[in-house]
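Enquirer: Here my numbering = 1-based position in the sequence shown + 5. Glycine residues also receive a C-beta, built at the ideal position from the N, C-alpha and C atoms. Note that the structure is a prediction, hence the values are computed from the model and not measured.
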Amino acid sequence: MTEAGRSSTAAARAAAVIMIATLLSKILGFFRELLIGSKFGATSVTDAYLVSLTVPAVLFATVAGALSTSFIPVYSEIEAKKGRERAVGFAGNLFNVILIVSLMFSLFGAVFSRLLVKLVAMGFSGETLEMAAAFTRITMFMSAFVALANVLTGYLQSNREFTVPAVIGIPYNVIIISALLFSEVLGIWGLVVATVVAAAFQVLIQLPAAVKKGFKFTPGIDFADEDLKRMGILIIPVVLGTGVSQLNVLVDRMLASSLEEGTIAALNFASRLNGFVYGIFTLSVATVIYPSLSRLSAEGDMEGFKRTLGRALGFVIAIVMPLSAGAMVLRVPIVRFLFERGAFDSRATFMTATALLYFSAGMVGFGLRDVLSRAFYSLRDTATPMVNGAVAVGINVVLNLILVKFMGLGGLALATSISALAGTAMLFYSLRRKIGPLGGRRILMSFVKSIAACAVMSAAVHNVYGMMSNVFVPRALVYQALDLGVSVLAGVLVYLTIVLILRMDDVVWAAKAFITARFKR
Numbered sequence: 006m007t008e009a010g011r012s013s014t015a016a017a018r019a020a021a022v023i024m025i026a027t028l029l030s031k032i033l034g035f036f037r038e039l040l041i042g043s044k045f046g047a048t049s050v051t052d053a054y055l056v057s058l059t060v061p062a063v064l065f066a067t068v069a070g071a072l073s074t075s076f077i078p079v080y081s082e083i084e085a086k087k088g089r090e091r092a093v094g095f096a097g098n099l100f101n102v103i104l105i106v107s108l109m110f111s112l113f114g115a116v117f118s119r120l121l122v123k124l125v126a127m128g129f130s131g132e133t134l135e136m137a138a139a140f141t142r143i144t145m146f147m148s149a150f151v152a153l154a155n156v157l158t159g160y161l162q163s164n165r166e167f168t169v170p171a172v173i174g175i176p177y178n179v180i181i182i183s184a185l186l187f188s189e190v191l192g193i194w195g196l197v198v199a200t201v202v203a204a205a206f207q208v209l210i211q212l213p214a215a216v217k218k219g220f221k222f223t224p225g226i227d228f229a230d231e232d233l234k235r236m237g238i239l240i241i242p243v244v245l246g247t248g249v250s251q252l253n254v255l256v257d258r259m260l261a262s263s264l265e266e267g268t269i270a271a272l273n274f275a276s277r278l279n280g281f282v283y284g285i286f287t288l289s290v291a292t293v294i295y296p297s298l299s300r301l302s303a304e305g306d307m308e309g310f311k312r313t314l315g316r317a318l319g320f321v322i323a324i325v326m327p328l329s330a331g332a333m334v335l336r337v338p339i340v341r342f343l344f345e346r347g348a349f350d351s352r353a354t355f356m357t358a359t360a361l362l363y364f365s366a367g368m369v370g371f372g373l374r375d376v377l378s379r380a381f382y383s384l385r386d387t388a389t390p391m392v393n394g395a396v397a398v399g400i401n402v403v404l405n406l407i408l409v410k411f412m413g414l415g416g417l418a419l420a421t422s423i424s425a426l427a428g429t430a431m432l433f434y435s436l437r438r439k440i441g442p443l444g445g446r447r448i449l450m451s452f453v454k455s456i457a458a459c460a461v462m463s464a465a466v467h468n469v470y471g472m473m474s475n476v477f478v479p480r481a482l483v484y485q486a487l488d489l490g491v492s493v494l495a496g497v498l499v500y501l502t503i504v505l506i507l508r509m510d511d512v513v514w515a516a517k518a519f520i521t522a523r524f525k526r
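1) Can you tell which of Val-396, Arg-447, Thr-354, Phe-45 has the C-alpha that lies nearest to the C-alpha of Leu-191?
2) What does the alpha-carbon distance come out to for the pair Phe-320 and Ser-130?
3) Check whether the region 257–269 touches the region 46–57, counting contact only when three or more Cβ pairs, one atom from each stretch, lie closer than 8 Å.
4) Just the Cα atoms here: how many angstroms apart are Thr-223 and Val-254?
5) What is the C-beta distance between Ala-366 and Val-172, in whole angstroms, given that I count them as a contact (C-beta under 8 Å)?
6) Sorry if obvious, but does the Cβ on Gly-94 come closer than 7 Å to a heavy atom of the ligand HEM?
7) Given a cut-off of 8 Å on the beta-carbon distance, is the pair Asn-164 and Lys-218 in contact?
8) Of all the options Ala-418, Ile-400, Asn-273, Ser-422, which has the alpha carbon lying nearest to the alpha carbon of Met-368?
9) Any contact between the region 145–162 and the region 198–218? By contact I mean 3 or more CB pairs, one from each, below 8 Å.
10) Which residue marks the beginning of the alpha helix (DSSP H) containing Arg-480, and which one marks its end?
11) Can you tell me which of the three DSSP states Phe-45 falls into?
12) Grab the span of the alpha helix (DSSP H) containing Thr-429 for me, first residue to last.
13) Which class does Phe-146 belong to by DSSP, given the choice of helix, strand or coil?
14) For Leu-5, collect the residues of the same chain with a Cβ closer than 6 Å to its Cβ; drop the 5 residues on either side in sequence, then sort them by chain order.
15) Identify whether Leu-108 lies in helix, strand or coil by the three-state DSSP scheme.
16) Below 8 Å between beta carbons: does that hold for Ala-465 and Val-504?
17) Are Ser-451 and Ile-322 closer than 8 Å when you measure CB to CB?
18) Specify, as a first and last residue, the run of the alpha helix (DSSP H) that Arg-385 falls within.
19) Please state whether DSSP places Ser-263 in a helix, a strand or coil.
20) Counting pairs of Cβ atoms below 8 Å between the region 138–146 and the region 108–120, do you hit three or more?
21) Which of the three DSSP states, helix, strand or coil, is assigned to Gly-280?
22) What runs of the alpha helix (DSSP H), each 4 residues or longer, lie entirely inside the region 357–401?
23) When we look at the beta-carbon of Phe-433 and count the other beta-carbons within 10 Å, is it buried (16 or more) or exposed?
24) Among residues of its own chain, excluding the 5 on either side of Glu-8, which ones have a beta-carbon nearer than 7 Å to its beta-carbon?
25) Are Val-403 and Ile-226 touching if we call contact CB-CB under 8 Å?
26) Does DSSP classify Arg-526 as helix, strand or coil?
27) Would you call Gly-415 buried or exposed, if buried means 16 or more other Cβ atoms sit within 10 Å of its Cβ?
28) On a Cα-Cα basis, can you pick out the residue from Leu-507, Asp-488, Lys-454, Pro-479 that is closest to Asn-468?
29) Whole angstroms is fine: what's the gap from Pro-176's alpha carbon to Leu-33's?
30) Restricting to Cα atoms, I'd like to know which of Val-499, Ala-425, Ser-81 is closest to Ala-397.
31) Does the Cβ of Ser-463 have 16 or more other Cβ atoms within 10 Å, making it buried, or fewer, making it exposed?
32) Does DSSP put Val-335 in a helix, a strand or coil?
33) As a quick exercise: from Thr-387, Ser-107, Phe-310, Leu-335, pick the residue whose alpha carbon is nearest that of Gly-496.
34) In whole angstroms, what separates the C-alpha of Ala-92 from that of Asp-350?
35) If you follow the alpha helix (DSSP H) that Lys-218 is part of, which residue opens it and which one closes it?
36) With DSSP as the reference, label Arg-447 as helix, strand or coil.
Right, dumping it as structure tokens:
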């Protein structure tokens, strides 16, 4: 087998492993959300908890999320030009710097928690405000653990270890789920503390794997390190670009805090469900192609770069669009089946399903945006995603202020989807200007074929669910599962049939890649 063939097989194998790990993690994460809905419902308690997670995310987790993205190209360049020992030393120094800085931010946030909550959720007052501030004093310390976990993730992925970073979400969710299962005893405070403990475990799980790959703790801190400064310059646009996404969440929750009780919770549940659906595929693809795109960019192989990127974009379109259509058609039965129990009543179901409808409209935009952003980062261009992201946030904020007056929480979700689609279009246009044609005709054809397939599939799903729900009235949970299961299966069969008829090559290519990864070991 040629070097290119071995590389392709290894990438496919890594994608398959990550997809399986991501699927399991997201299933557990979704079960976590189900339990939160069941135990606490769409209430002021849930709103306060979610806002307490928003505060550290806005303050520091944005930086943390950009760490692994910026770390990989810098580390790879140091290793290539200065040797592995110097690269490992850089990683150890970065770990120490992030530890000190993140602890300082955590202490700052804990001290000024009430003021920060008041800024994030302006509509909060009385008991809800005090509860959110008290939660934030604890959740602020998540920032340090999340930041350190991202440094280790970047180190492991730079050393071609994808499995361990992919599975850290599993124990994270298990810890929180355990607290929720004993919520009658532990209450909401048990959930808050468990969330911080779960974040700490993401560091502890990755440390042994990092040490095995050569990671070493270094004594002292060198803030004057030239490579550290270079990464600091590189990370600024990434932080700003990532921060605008957090700003979207912040604006949504600020406006939602002034609407009826439970609006923040409903938006969160719908957003989580939306992210669960598309994230399984796009996260796996984006994670695996990033090192490959970085290598192709460094080697100057732009034809290979564009070919790899085109495949990934076509795959996202062909897979995510039917998921989006299915979620829109079956939004109410999906939310009812998954959430409506315990404290989660029919009112919460209606609110969450409304938000899910409008979030799903932008699902393909969210997926393509993730892949396109990695393409820019692999080209050492972190400024373009930042600028485009800022424009998208501007669109989102303006639409939020307009649509919330007429559509309530549905307007907030729709504004997010429109801004995601607009941001994706801008990224695609900017990338085409930067590196030339991206196979737009083939990508457009994939898009058109997916729309046609989704239209037929949606009609089939709608009719099948109507017939099933007339026969098996969805009052009992088992009948809800039966109605949904048969409808989804019908949709899958119809879509796959059209895939074969229209010869949608990207889906076939992805299936072959997965089979190669699964069976050719």
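Expert: According to the structure data:
1) Closest option to Leu-191, Cα to Cα, is Phe-45.
2) Rounded to the nearest whole angstrom, the CA to CA distance from Phe-320 to Ser-130 is 46 Å.
3) Segments in contact, yes.
4) For Thr-223 and Val-254, the distance between alpha carbons rounds to 37 Å.
5) Contact doesn't hold; Cβ gap of about 32 Å is too wide.
6) Because no ligand of any kind appears in the structure shown, any question about the ligand HEM cannot be addressed here.
7) Yes, these two residues count as a Cβ contact at 8 Å.
8) The shortest CA-to-CA distance from Met-368 to any of Ala-418, Ile-400, Asn-273, Ser-422 is the one to Ser-422.
9) Judged by Cβ distances under 8 Å, the region 145–162 makes contact with the region 198–218, as three or more pairs qualify.
10) Run containing Arg-480: none; DSSP gives neither H nor E here.
11) Helix.
12) Segment 414–440, the alpha helix (DSSP H) holding Thr-429.
13) Residue state for Phe-146 is assigned as coil, using DSSP reduced to three classes.
14) Residue 5 is absent from the model: the chain starts at 6 and stops at 526.
15) In this structure, Leu-108 counts as helix in the three-state DSSP scheme.
16) Taking a C-beta distance under 8 Å as the contact criterion, Ala-465 and Val-504 do not qualify as a contact pair.
17) Yes, they are a contact pair.
18) Where Arg-385 is concerned, there is no enclosing alpha helix (DSSP H), because DSSP gives it neither an H nor an E.
19) DSSP places Ser-263 outside both helix and strand once states are collapsed to three, so it counts as coil.
20) Three or more pairs of CB atoms, one per stretch, sit closer than 8 Å, so the region 138–146 contacts the region 108–120.
21) Gly-280 sits in a helix when the DSSP states are folded into three classes.
22) Secondary structure remark: continuous alpha helix (DSSP H) runs of at least 4 residues inside the region 357–401, in chain order: 368–383.
23) By the 10 Å Cβ count, Phe-433 comes out buried.
24) Reliability fails at Glu-8, whose pLDDT of 44 lies under 50, so the model's placement of it is uncertain and the value that follows must be treated cautiously. Scanning its chain for C-beta atoms nearer than 7 Å, with the 5 sequence neighbours on each side dropped, one finds no residue around Glu-8.
25) Against a cut-off of 8 Å, the Cβ pair of Ile-226 and Val-403 comes out as no contact.
26) Bear in mind that the predicted position of Arg-526 carries a pLDDT of just 36, short of 50, making it unreliable; the figure below should be weighed with that in mind. Arg-526: coil per DSSP, three-state reduction.
27) Result: buried.
28) The shortest Cα separation from Asn-468 among Leu-507, Asp-488, Lys-454, Pro-479 belongs to Asp-488.
29) Rounded to whole angstroms, Pro-176 to Leu-33 spans 9 Å at the Cα level.
30) Measuring from the Cα of Ala-397, the nearest candidate turns out to be Ala-425.
31) Of the residues assessed, Ser-463 falls on the buried side of the cut-off, its CB having 16 or more other CB atoms within 10 angstroms.
32) Checking the displayed sequence, the identity of residue 335 turns out to be Leu instead of Val. Of the three classes helix, strand and coil, the one that applies to Leu-335 here is coil, per DSSP.
33) The shortest C-alpha separation from Gly-496 is found at Leu-335.
34) The straight-line gap from Cα to Cα measures roughly 54 Å.
35) Note, Lys-218: premise wrong, no alpha helix (DSSP H); not H, not E.
36) In this structure, Arg-447 counts as helix in the three-state DSSP scheme.
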